[in-house]
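> Sharing a structure below in structure tokens format, with a few things to ask.
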Ligand SMILES: CC(C)(COP(=O)(O)OP(=O)(O)OC[C@H]1O[C@@H](n2cnc3c(N)ncnc32)[C@H](O)[C@@H]1OP(=O)(O)O)[C@@H](O)C(=O)NCCC(=O)NCCS
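Numbering (this note's numbering), first residue to last: 6 to 190.
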């Protein structure tokens, strides 16, 4: 019987192929987009919402690991993020909404993406990952953190319980996305 997952820095597992496989599986399981026009489109989607954070911001990524150090260890959830203001960091130029929210991203520059394996949701694992990232961002001097999600999504309640509140909203790809922000002062 597995105990609750343990939160670890992603960098504590250099070149851990099994962990990477788990992260990729949870990413596609959790994302709203399930079919892709081509392999290239699927790869671009993964690059945009997951891989570039592991490439450029590995120091800010966290894993929730079940049975760490045992033969049956597995990743139950992950969080990737960045501390750089995305309205001013050119690697995020592909997401135009950051620049339209530049005043807010200056106040809440850190950003995160968190996903939990469906079997492990509702047990506090997502909250533990968000809290670990916020502690880390605060210690690094970030004044605030934000996430974007769809208006009315169930995860809004999750972020509100973790201290986030709506700071703004913008139309993107034909629907409204909201910016939820939390100060780290
Ligand atoms: C949203 C998510 C990260 C929360 O992590 P978690 O470990 O399940 O959440 P916690 O146990 O810490 O907190 C529970 C709250 O999370 C939310 N939540 C729980 N299960 C959820 C699910 N299947 N889908 C969406 N939100 C869920 C609810 O608001 C829940 O509160 P409630 O019990 O009052 O309904 C996780 O459920 C998940 O990965 N969902 C699917 C993908 C997603 O929405 N990712 C965030 C993209 S911005």
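Where is the CB? At the ideal position from N, CA and C, for every residue including glycine.
If you drop the 5 nearest sequence neighbours on each side, which residues of the same chain put their C-beta closer than 8 Å to that of residue 8?
Contacts found: 71 and 72.
> Would you mind listing the beta strand (DSSP E) stretches within the segment 93-153 that are 3+ residues and don't spill past its ends, in chain order?
You should have 115-121.
> On a Cα-Cα basis, can you pick out the residue from 176, 151, 181 and 148 that is closest to residue 157?
Cα-wise, what sits closest to residue 157 is 181.
> Beta-carbon separation of residue 125 and residue 82 under 8 Å?
Yes, the Cβ-Cβ distance between residue 125 and residue 82 is below 8 Å.
> Using only the alpha-carbon positions, how far apart do residue 76 and residue 27 sit?
Rounded to the nearest angstrom, the two C-alpha atoms are 15 Å apart.
> Can you list every residue whose CB sits closer than 6 Å to some heavy atom of ligand 1, going in chain order?
Having a Cβ closer than 6 Å to some heavy atom of ligand 1 are 35, 119, 120, 121, 126, 127, 128, 129, 130, 131, 132, 152, 154, 159, 160, 162 and 163.
> I need the DSSP call for residue 88, collapsed to helix, strand or coil.
Coil.
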